[in-house]
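Have a look at the structure below before the remarks.
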Amino acid sequence: MINKEDIRNYIYETALNPEKDISKKYKKLSAEINRESISRPLISVCINSSSVVSGARHTHKAILSYLKERKTDADLEYSGGMGLCSLEPVVSVQLPGMCKILFKNIYAEKVIALLDNIFNHIVPQDDILAQIRNDLHTSWQNVPYLDELDFFRLQERRVLQNCGMISPEDINQYIGHGGYHTFIHAINHLTPDEVASIVKESNLRGRSGSGYSTGIKIEKAMQAGGEQKYVICNGVESDPGAFLECFIAESDPHRVIEGIAILSYAIGAGKAYIYVAWENTLVISRLKKALEQAKETGLLGDNIFNSGYNLHINLFVSPGAFVCGQETAMLNSIEGKRGVPSERPPYPTENGLFGKPTLINNLETISNIPDILRYGANWFKETGTNGSAGTKVFSVTGHVNNNCVAEIPFGKTFDYLINIIAGSTPPDKKLKAFGFGGPSGHILPSDKADTIIDIDTLKQENLKLGAGGLIVMDSDTCMLDMARYYMGFLKEESCGKCITCREGTKNILHILDQVTKRPGKEPGNQTLERFKGIMSIETLAEVIQDTALCGLGENAPNVVLDTLKYFRTEYEEHIFERKCSANVCRDLRTFYIDMENCVGCAACKDKCPTNAIYGLPKHPHFIFENKCIGCGLCQQACMFNAIFIK
Numbered sequence: 006m007i008n009k010e011d012i013r014n015y016i017y018e019t020a021l022n023p024e025k026d027i028s029k030k031y032k033k034l035s036a037e038i039n040r041e042s043i044s045r046p047l048i049s050v051c052i053n054s055s056s057v058v059s060g061a062r063h064t065h066k067a068i069l070s071y072l073k074e075r076k077t078d079a080d081l082e083y084s085g086g087m088g089l090c091s092l093e094p095v096v097s098v099q100l101p102g103m104c105k106i107l108f109k110n111i112y113a114e115k116v117i118a119l120l121d122n123i124f125n126h127i128v129p130q131d132d133i134l135a136q137i138r139n140d141l142h143t144s145w146q147n148v149p150y151l152d153e154l155d156f157f158r159l160q161e162r163r164v165l166q167n168c169g170m171i172s173p174e175d176i177n178q179y180i181g182h183g184g185y186h187t188f189i190h191a192i193n194h195l196t197p198d199e200v201a202s203i204v205k206e207s208n209l210r211g212r213s214g215s216g217y218s219t220g221i222k223i224e225k226a227m228q229a230g231g232e233q234k235y236v237i238c239n240g241v242e243s244d245p246g247a248f249l250e251c252f253i254a255e256s257d258p259h260r261v262i263e264g265i266a267i268l269s270y271a272i273g274a275g276k277a278y279i280y281v282a283w284e285n286t287l288v289i290s291r292l293k294k295a296l297e298q299a300k301e302t303g304l305l306g307d308n309i310f311n312s313g314y315n316l317h318i319n320l321f322v323s324p325g326a327f328v329c330g331q332e333t334a335m336l337n338s339i340e341g342k343r344g345v346p347s348e349r350p351p352y353p354t355e356n357g358l359f360g361k362p363t364l365i366n367n368l369e370t371i372s373n374i375p376d377i378l379r380y381g382a383n384w385f386k387e388t389g390t391n392g393s394a395g396t397k398v399f400s401v402t403g404h405v406n407n408n409c410v411a412e413i414p415f416g417k418t419f420d421y422l423i424n425i426i427a428g429s430t431p432p433d434k435k436l437k438a439f440g441f442g443g444p445s446g447h448i449l450p451s452d453k454a455d456t457i458i459d460i461d462t463l464k465q466e467n468l469k470l471g472a473g474g475l476i477v478m479d480s481d482t483c484m485l486d487m488a489r490y491y492m493g494f495l496k497e498e499s500c501g502k503c504i505t506c507r508e509g510t511k512n513i514l515h516i517l518d519q520v521t522k523r524p525g526k527e528p529g530n531q532t533l534e535r536f537k538g539i540m541s542i543e544t545l546a547e548v549i550q551d552t553a554l555c556g557l558g559e560n561a562p563n564v565v566l567d568t569l570k571y572f573r574t575e576y577e578e579h580i581f582e583r584k585c586s587a588n589v590c591r592d593l594r595t596f597y598i599d600m601e602n603c604v605g606c607a608a609c610k611d612k613c614p615t616n617a618i619y620g621l622p623k624h625p626h627f628i629f630e631n632k633c634i635g636c637g638l639c640q641q642a643c644m645f646n647a648i649f650i651k
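Each residue of the sequence shown is one higher than the last, beginning at 6 in the numbering used here.
Dropping the structure here:
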């Protein structure tokens, strides 16, 4: 059992004497918390949101049963995610004296065979992922090292460096990897001005929104008068397709807390908040545990490590509205008011939470702070571009071979992220488009994939990077359907405070619904109204952009305008030909049965919700088009490849 006082002394002496080699004094402690010396097998199961969906909790339960039934003397713990979402659940095993070895796609039914083999020093090749390089341990034969895999080799993992490497539920492991040393050093050796200066010199910019300078924000909060100030970490990430901040908080929560603590010291804040969405239950539980551990270790509370500095961090669970991610709406929410945006200025750095100066940054931005203070501003600027220093974390999902969370330097292209890191689209498909920034972000065609990921470069094209959720779309995607989905989301999430956003998003959605509506007998005036709506959609979108109160409304029409700009032929196809070439829009597709392939099994007939399929048993069936609603259930039920779309 590791003594808390030993941990406190270890952090304190290491932080105050960064140039002094104290490894001999704490050699045994360091080896224990870094898992360099173990006396019995150590098994880790990656538990994060994506792995839980893949069945990781069942895997964990199966391992517990295995160890109990066989009375095996081994330790079992949770690890954070590595970013390889398509390969979850990931399980690692470390035997005494051997390098840690990782296995992919370990479902509950694979546990017995895996552990039987590995405990006998047999590596099952089908499930092997890699081993982690460690010169103190013996390597496994014919097993690649993790840092040799292209997915990791081609990234620049800074914010994600601990993800998957340590247990997010063990503060000692974070400390063993250098955690909290920077914070303790800062409050004992640096003035708030020096901390602010280092961050400003690093050119760190917000990793969401407009990419505003974090250093300038800190300066403004410092210069604001008043004894009471606040820091807020915005961890709300409700954009469909974005889960990188959730991933960071689940896999390395102490990094987030240390970043908040450093920023709080810089502006003289004694209280801070972490604002997270209510549905992210694992994020909430991990952050709660991390905050408790930090308090117990003396890293939060009053007179931290006898420095005279006091800091208390509270976890605030959002009611879940998308608009609460906007900073002024978030402030209202924390104050117990309705989460709706307020006009700016004044900005939160002048008049924020409870009317006090408040520094607000998103979770990824804050996660960069410990390393900037640890290694310096010049180190941070070595990576990235002149205008956008450092790295950017992305969650990549959609039509790619490897759904993942990855970290790349600014200056790379979307093509690099999609085709090199995420493994491109499936072999039989082609990249059609990619979207970033969520529902109020942007969708670009495949020929724009060489666009450089740089805040200023994107701004020149009137594009905003957003939080970092990237959705990849192949040739089977209907761009109108995507625009309609996003607009439906934004209509539901509009707070309703300003009429242009409330009514504008509703009207645009209505127009898109009309475009994809099934052709039928409609009066001439309705047809005319439909065409008038389509003709006015761009003007309506521009009015919303110019007059909406907050960023959600201003950016709400982006996807519609992008798809109109780059995929206008699809709009014309839907409008004039009443056809969806991607066969996605249900109301514009009709199914038919190939008589030669149909054997009359009636499987399709049984599934049809509108009784549109007729035929005698063991005789070919046929579909009445006027009854068919295009749901596709018949095609899914057919086992003889006899049902097609016209």
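By construction, the Cβ of each residue, glycine as well, lies at the ideal position given by its N, Cα and C atoms.
Annotation: the continuous beta strand (DSSP E) that includes cysteine 409 extends over 409 to 414.
For asparagine 408, the CB contacts under 7 Å within the same chain, skipping 5 residues up- and downstream, are Cys90, Ser91, Val401 and Thr402 in chain order.
Secondary structure at arginine 210: strand, using DSSP grouped into helix, strand and coil. Boundaries of the alpha helix (DSSP H) harbouring proline 258: 258 to 272, taken from the DSSP string.
Contact check for lysine 234 against isoleucine 272 passes: the beta carbons are separated by less than 7 Å.
If you check the CB distance, valine 236 and leucine 364 come in under 7 Å. Contact check for threonine 510 against alanine 553 fails: the beta carbons are separated by 7 Å or more. Proline 324 sits exposed, since fewer than 16 C-beta atoms from the chains shown fall within 10 Å of its C-beta.
The region 320 to 340 and the region 539 to 546 do not touch, with fewer than three beta-carbon pairs separated by less than 8 Å. Note: valine 96 is bridge-paired with Val50 and Phe108 in the DSSP secondary-structure output. Lysine 397: member of the beta strand (DSSP E) spanning 396 to 403, first to last residue. Looking at the DSSP output, alanine 438 bridges to Pro450 and Met478. For alanine 282, there is no enclosing alpha helix (DSSP H); the residue is part of the beta strand (DSSP E) that begins and ends at 276 to 282. Note that the region 101 to 117 does not touch the region 417 to 425; fewer than 3 beta-carbon pairs, one per stretch, sit closer than 8 Å. Leaving aside the five residues that flank alanine 277 on each side, the residues in its chain whose CB is nearer than 6 Å to its CB run, in chain order, Val236, Ile265, Ser269 and Ile318.
Residue range 9 to 21 is occupied by the alpha helix (DSSP H) that includes asparagine 14. Judged by beta-carbon spacing, alanine 79 lies within the 7 Å limit of arginine 45, meaning their Cβ atoms are closer than that value. Taking the Cα positions, tyrosine 619 is about 17 Å away from cysteine 636. Under the criterion of beta carbons closer than 8 Å, alanine 454 and leucine 436 qualify as touching, at roughly 7 Å. Just so you know, the alpha carbons of leucine 514 and proline 94 end up roughly 39 Å apart. Proximity to proline 625 across Ala647, Ser451 and Phe327 peaks at Ala647, based on C-alpha coordinates. Counting only unbroken stretches of 4 or more residues, the alpha helix (DSSP H) elements lying wholly within the region 276 to 324 are 286 to 301, in sequence order. If you draw a straight line from the Cα of glycine 240 to the Cα of isoleucine 123, it is about 39 Å long. The Cβ atoms of glutamate 369 and arginine 212 lie closer than 7 Å to each other. Going by DSSP, phenylalanine 645 is part of no alpha helix (DSSP H) at all; its letter is neither H nor E. For proline 197, the closest of Gln178, Gly220, Cys613 and Ala488 by C-alpha to C-alpha distance is Gly220. Phenylalanine 581 counts as exposed, since fewer than 16 other C-beta atoms from the protein chains shown sit within 10 angstroms of its C-beta. Apart from sequence neighbours up to five positions away, the residues of its chain that approach valine 564 with a beta-carbon distance below 8 Å are Gly440, Pro444, Ser445, Gly446, His447, Ile448, Met487, Ala488, Tyr491 and Met492, ordered along the chain.
Counting only runs of 3+ residues, the beta strand (DSSP E) found wholly inside the region 549 to 609 occupies 596 to 598, in chain order.
Within the same chain, and ignoring the five residues on either side of serine 499 in sequence, the residues whose Cβ sits closer than 6 Å to its Cβ are Cys506, Arg507 and Thr510. Taking all protein chains shown into account, serine 290 has fewer than 16 neighbouring C-beta atoms within 10 Å of its C-beta and is therefore exposed. For methionine 87, the secondary structure class from DSSP, reduced to helix, strand or coil, is coil. The residue among Ser70, Ala113 and Ile267 with its C-alpha nearest the C-alpha of tyrosine 314 is Ile267. The beta carbon of alanine 472 sits closer than 8 Å to those of Arg212, Ser213, Glu242, Asp244, Ala247, Leu249, Glu250, Asn367, Glu369, Gly442 and Gly443, all from its chain and outside the five residues before and after it, given in chain order. Beta-bridge partners of leucine 364 (DSSP): Val236.
DSSP lists no beta-bridge partner residue for lysine 76.
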